[in-house]
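Only one structure is covered here, and it is reproduced in the block below.
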Amino acid sequence: MLYDTLADRTAVITGAASGMGAATARLLAAQGVRVALLARRAERLEELAAKITADGGRALAVAADVTGQASVDAAADLVHREFGRVDLVVNAAGVMLPNPLDAGRADEWQRMLDTNVAGALRVIRAFTADLVAAAAEGRTADLVNISSIGAHITFPNYAVYGATKAALTYLSASLRTELGPRDVRVTNIEPGLTDSELAGHVDNAELSGQLDGMFEALGGLSSDEIADLIAYTTSRARHINLRQLVVLPTRQA
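The working numbering puts the first residue of the sequence shown at 9, with every later residue one more than the last.
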């Protein structure tokens with residue numbers, strides 16, 4: 009599907025080194041969007057930016073860690089110098105580290121909180137003024153947060169991950185009350201089983217095996233399918249806000 013209305017927009021995409029973030033960057037760039045790619049792995053970003061450029065798009069690789077305020081601030085400065093004002097932000101950075109709560113993995117809890125919640129907040133803080141200004145000029149302005157079905161459905165041993173995603177879902181709803189009256193759209197996307205690098209973060213062999221079994225039994229969405237949903241959402245007429253989208257494999261639904 010073509011999304012011609014996206015042409016000439018400028019997007020920041022976090023978690024762009026892999027999975028949903030990388031897929032979204034590729035698709036938006038193919039539609040004429042200038043894409044700023046944010047993630048920690050500089051080499052992966054450079055490769056993706058080179059591929060997008062070779063295919064006729066415009067991409068900027070920005071090595072950044074959303075868990076650090078100084079890193080996000082420096083990334084925002086670079087984006088503004090190279091691309092100017094941003095009118096589309098996709099918070100795709102995230103980590104999923106399941107373990108029983110009584111395992112006491114405070115290191116994993118902190119990493120998920122810093123990335124999935126505080127990381128999204130840092131990026132929103134860095135670019136909200138851009139979105140508001142773009143909307144005030146009569147342009148389309150979008151903030152897209154990628155949450156999870158885990159925000160609503162509980163899974164054993166995923167308590168902290170689910171809590172971080174529930175926080176992101178609530179944050180999206182609350183931001184809609186602040187930004188919606190200023191014509192900035194806020195969309196919260198909650199995927200179910202999706203083939204991405206998230207599963208590779210799991211360091212619990214039993215839970216990793218369970219996750220593999222779920223993919224075998226239920227099937228999974230692809231990162232490209234989530235990217236297509238983001239492109240569809242952000243290409244609607246500016247007065248239409250698809251506020252919350254739950255997308256699941258049919259067998260999981």
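C-beta: ideal position from N, C-alpha, C; glycine also.
Please classify Leu248: is it buried, with 16 or more other beta-carbons within 10 angstroms of its beta-carbon, or exposed?
-> Looking at the sequence shown, residue 248 is not Leu but Ile. Ile248 should be labelled exposed.
For Leu69, the residue or residues it bridges with in DSSP = According to the sequence displayed, residue 69 carries Ala and not Leu. BP columns for Ala69 point to Leu45.
Taking only the alpha-carbon atoms, compute the straight-line gap between Leu226 and Ser216 and give it to the nearest angstrom.
-> 15 Å
When burial is assigned at 16 or more other CB atoms within 10 Å of the CB, is Tyr240 buried or exposed?
-> exposed
Proximal residues to Asp232 (C-beta, below 7 Å), its chain only, five neighbours per side dropped | Ala31
Identify, in the order they occur along the chain, each residue of the same chain with its Cβ nearer than 6 Å to the Cβ of Ser180, setting aside the five sequence neighbours on each side.
-> Asn153, Val194 and Asn196
Please name the residue or residues paired with Asn99 in a DSSP beta bridge.
-> Asn153
Decide if Thr123 is buried, meaning its Cβ has at least 16 other Cβ atoms within 10 Å, or exposed.
-> buried
Would you be able to state if there are at least three C-beta pairs under 8 Å between the region 62-70 and the region 111-125?
-> no
Through-space distance from Ala137 to Asp85, alpha-carbon basis | Pairing Asp85 with Ala137, the inter-Cα distance amounts to about 13 Å.
Anyone know if the C-beta pair for Ala83 and Leu46 falls short of 8 Å?
-> yes
Would you list the residues sitting across from Pro199 in a DSSP beta bridge?
-> Val255
Where Gly188 and Ala149 are concerned, what is the direct C-alpha to C-alpha distance, given to the nearest angstrom?
-> Near 10 Å, if we compare the C-alpha coordinates of Ala149 and Gly188.
Specify, as a first and last residue, the run of the beta strand (DSSP E) that Val20 falls within.
-> Thr18 to Thr22
Pull up the distance between the alpha-carbon of Asp220 and that of Ser79, whole angstroms please.
-> The straight-line gap from Cα to Cα measures roughly 34 Å.
If you draw a straight line from the alpha carbon of Val168 to that of Gly65, how long is it in whole angstroms?
-> 38 Å
Would Glu186 be called buried (16 or more neighbouring beta carbons within 10 Å of its own) or exposed?
-> exposed
Bounding residues of the alpha helix (DSSP H) (the contiguous stretch that carries Leu14) = Leu14 -> no alpha helix (DSSP H), and no H or E assigned at all.
Span of the alpha helix (DSSP H), counted from its first residue to its last, around Phe223 = Element bounds for Phe223: Ala213 to Leu226.
Measure how close the beta-carbons of Ala100 and Gly208 come, nearest whole angstrom, since I'm counting them as under 8 Å.
-> Actually they do not touch by this definition, with Cβ atoms about 16 Å apart.
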